Amino acid sequence: MKLIWLGHGSFRIEIEDQVLLIDPWVTGNPMMPDERIEEALDGATQILMTHGHFDHTNDCVQLSKDRSLPVSGIFELVNLLESQGAMAGQAFNKGGTAQFGKVSVSMVPASHSSSMVVDGVAQYTGMETGFIIRGEGTTIYFSGDTTIMADMSWIGAYYKPDIGILSAGGYYTMDMEMAAWAAKTYFDFKTVIPMHYRTFPALAQSAEALAAGLPGVQVIEPQVLEAIPL
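Here you go:
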């Protein structure tokens, strides 16, 4: 298994027989070097989308067209992306589980917002979500863009994820201190990886506060396109 940060809230997860691109924002992403975009996308099998904001969806339709990649996520968002030319994958919903080869992906709630600008007008794209990804004997909680929410209590108790990939940059999502509090209150992670930070000046530039709030947990600051050591 390889977890690879593509900058901001975007990840490449190589697990079992799948290469999942989650919210792949690669063109215009300040953290993604243009000359390494092909490396980030090579061999992908599936795009998973957590919600509709531009810093998650801007590349989705074109990548899907160019690489024949199915796009999966919440029903309304997948239908909208399909209407724009994306290849439809699985349009499921919170509580549902989709199977991608040997990998299962369950959709869980997040607490944020979700829209896309279509023809100059913001359009509703279904609710914001996170994912539980299971394969190779490991359970990953991918929070998507979120703040702390009470739903984390049952997500942690029911799925018992080993790894948390948590939005933690602040301003648009929970910050490092909040992510640490949520992790120790609702989960029993072995490893926590921050995301949705370092991209813009308004966001946290370091995960020191996250690590300080989680003694005994492996907190790993990812580097773009470097496999995260687990």
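Okay, so the sequence shown: first residue is 1107 according to this note's numbering, each after it adds one.
Virtual Cβ for every residue (Gly too), placed ideally from N, Cα, C.
No experiment lies behind these values; they were computed from the predicted model shown.
- A check of alpha carbon separations from glutamate 1242 across Phe1117, Thr1151, Gln1124 identifies Gln1124 as the nearest.
- In this model, serine 1273 and methionine 1137 are separated by some 16 Å (Cα to Cα).
- Exclusion of the five residues before and after glutamate 1120 leaves Met1107, Lys1108 as the residues of its chain whose Cβ lies within less than 7 Å of its Cβ.
- In this structure, the alpha-carbon of threonine 1203 lies about 10 Å from that of isoleucine 1239.
- DSSP links threonine 1203 through a beta bridge to Ser1212.
- The residue among Lys1200, Asp1161, Ala1150, Gly1201 with its C-alpha nearest the C-alpha of valine 1177 is Ala1150.
- Under the rule that a run must span 3 or more residues, the beta strand (DSSP E) segments found entirely inside the segment 1110 to 1161 read 1117 to 1121, 1124 to 1128, 1152 to 1154.
- In the three-state scheme derived from DSSP, where H, G and I count as helix and E and B as strand, serine 1189 is classed as helix.
- The Cβ neighbour count for tryptophan 1131, taken over all protein chains shown within 10 Å, is at least 16; the residue is labelled buried.
- Straight-line spacing of the CA atoms in tryptophan 1287 and alanine 1192 works out to 38 Å.
- Taking the Cα positions, glutamate 1144 is about 21 Å away from histidine 1302.
- Threonine 1253 sits close to methionine 1284, with the two beta carbons spaced by under 8 Å.
- Our two residues, serine 1249 and isoleucine 1334, have alpha carbons roughly 17 Å apart in a direct line.
- Residue environment analysis places arginine 1142 among the exposed positions, since fewer than 16 neighbouring C-beta atoms fall within 10 angstroms of its C-beta.
- With respect to the 8 Å criterion, proline 1267 and threonine 1245 are classified as neighbours on the basis of their beta carbons.
- Within the DSSP bridge table, the entry for leucine 1336 names no partner.
- Distances from the alpha-carbon of asparagine 1135 to those of His1162, Ile1128, Pro1328 put His1162 closest.
- By alpha-carbon distance to valine 1325, the top candidate from Ser1219, Ile1269, Ala1308 is Ile1269.
- Listed as beta-bridge partners of glutamine 1324 by DSSP are Thr1297.
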